[in-house]
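Colleague: Here's a structure for you.
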Amino acid sequence: MSDEAPVRVMVVDDHPLWRDAVERDLAAAGLDVVAVAATGREALARFGATRPQVLVLDLQIPAPDGVQVTAEVVRRDPEARVLVLSASGEQADVLAAVKAGATGYLVKSASREELLAAVRRVALGEPVFTPGLAGLVLGEFQRDPDQPQLTDRETEVLRMVAKGLSYRQIAERLVLSHRTVQNHVQNTLRKLQMHNRVELTRYAIEQGLDEE
Numbered sequence: 000m001s002d003e004a005p006v007r008v009m010v011v012d013d014h015p016l017w018r019d020a021v022e023r024d025l026a027a028a029g030l031d032v033v034a035v036a037a038t039g040r041e042a043l044a045r046f047g048a049t050r051p052q053v054l055v056l057d058l059q060i061p062a063p064d065g066v067q068v069t070a071e072v073v074r075r076d077p078e079a080r081v082l083v084l085s086a087s088g089e090q091a092d093v094l095a096a097v098k099a100g101a102t103g104y105l106v107k108s109a110s111r112e113e114l115l116a117a118v119r120r121v122a123l124g125e126p127v128f129t130p131g132l133a134g135l136v137l138g139e140f141q142r143d144p145d146q147p148q149l150t151d152r153e154t155e156v157l158r159m160v161a162k163g164l165s166y167r168q169i170a171e172r173l174v175l176s177h178r179t180v181q182n183h184v185q186n187t188l189r190k191l192q193m194h195n196r197v198e199l200t201r202y203a204i205e206q207g208l209d210e211e
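Using numbering that gives the first Met the number 0, the first residue of the sequence shown is number 0, and each one after it goes up by one.
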């Protein structure tokens, strides 16, 4: 990211030691931590003032909680991304966060390297989940009997999206350009009448494409 402006991040957590550690790790990696907050109310006020690209957000914060903050942030700025960093890996919490508009969900046992990679990928709009959590959305989204026809290449790309590969990794594996991979994903979104890559990942997992 040498020639690009650093990703602007806000860290929201009501545990000072944890919040400070995350802020320190992000700043040390060259990310621009534009704000921190301890409550949902602080988060929303500071979001408006600082316009971060990514919120690294705990779900269990004083009101409004992380799910409500996620929904409000995405409503205010559809381009903003939310990466939930929670102690909970419970299905209900994961589903609530994703339905509210979170682009990623990590549990707090994630390593520093996993967190940094997740923030950068989420900033690009790529869905990121702690391994295993993406499968929790199975069963929640019913299979569509009128499944649209995807090309073999679109199915191949979709399968890799479901497995959590980044666009760069997919491009390398399939010997395609980054732009071509993006085009395949956009074509698939249009065919499936979906609006973002998180919905696409849900669909791919629901169809079992992550298991092949």
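Beta carbons: idealized from backbone N, C-alpha and C, even for Gly.
Which complete beta strand (DSSP E) runs does the stretch 45-115 hold, if anything under 3 residues is left out?
Modeller: Complete beta strand (DSSP E) runs here, min 3: 53-56, 80-85, 103-106.
Colleague: Could you tell me the alpha carbon to alpha carbon distance between S108 and A86, rounded to whole angstroms?
Modeller: Their backbone Cα atoms lie some 8 Å apart in a straight line.
Colleague: Using 8 Å for Cβ pairs, my map puts T69 next to L84. What's the rounded Cβ distance?
Modeller: Rounded, the Cβ-Cβ distance is 12 Å, inconsistent with contact.
Colleague: Here's a check: name, in chain order, each residue in its chain whose Cβ is nearer than 7 Å to the Cβ of A117, leaving out the five neighbours to either side.
Modeller: For A117, where only same-chain residues beyond five positions count, the Cβ hits under 7 Å are L82, G103, L105, V127.
Colleague: When you compare the stretch 45-52 with the stretch 15-22, are there three or more beta-carbon pairs, one atom per stretch, that lie closer than 8 Å?
Modeller: No: fewer than three Cβ pairs fall under 8 Å.
Colleague: Alpha carbon to alpha carbon, how far is Q185 from R80?
Modeller: Distance between the alpha carbons of Q185 and R80: 18 Å.
Colleague: Looking only at DSSP bridge pairs, what is V35 linked to?
Modeller: DSSP output for V35 lists V10 as bridge partner(s).
Colleague: Which residue wins for smallest C-alpha separation from G29, given the options V10, A36, R50, V6?
Modeller: Closest by alpha carbon: V6.
Colleague: In chain order, what residues of the same chain have a beta carbon less than 8 Å from the beta carbon of A170, not counting five sequence neighbours either side?
Modeller: Excluding positions up to five away in sequence, the list reads S176, H177, T179, V180.
Colleague: Have a look at A291 and E3 and give me their C-alpha separation to the nearest angstrom.
Modeller: Nothing can be reported for residue 291: it is not among the residues displayed for the chain, which extend from 0 to 211.
Colleague: When the Cα of G124 is compared with those of Q52, D31, D151, R201, which residue comes out closest?
Modeller: The residue with the shortest Cα to Cα distance from G124 is Q52.
Colleague: Could you please give the first and the last residue of the uninterrupted alpha helix (DSSP H) stretch that includes V21?
Modeller: Per DSSP, V21 belongs to the alpha helix (DSSP H) from 15-27.
Colleague: Using CA atoms only, rank isn't needed, just tell me which of T129, V35, R189 is closest to L247.
Modeller: Residue 247 lies beyond the residue range present for the chain, which begins at 0 and ends at 211; the question has no answer from this structure.
Colleague: In chain order, what residues of the same chain lie with their CB nearer than 7 Å to the CB of L137, ignoring the 5 residues before and after it?
Modeller: Low per-residue confidence applies at L137: pLDDT is 35, beneath 50, and the placement is therefore not dependable, though the value from the model is reported in the following sentence. Counting only Cβ-Cβ distances below 7 Å, and skipping sequence neighbours, we find I204, E205.
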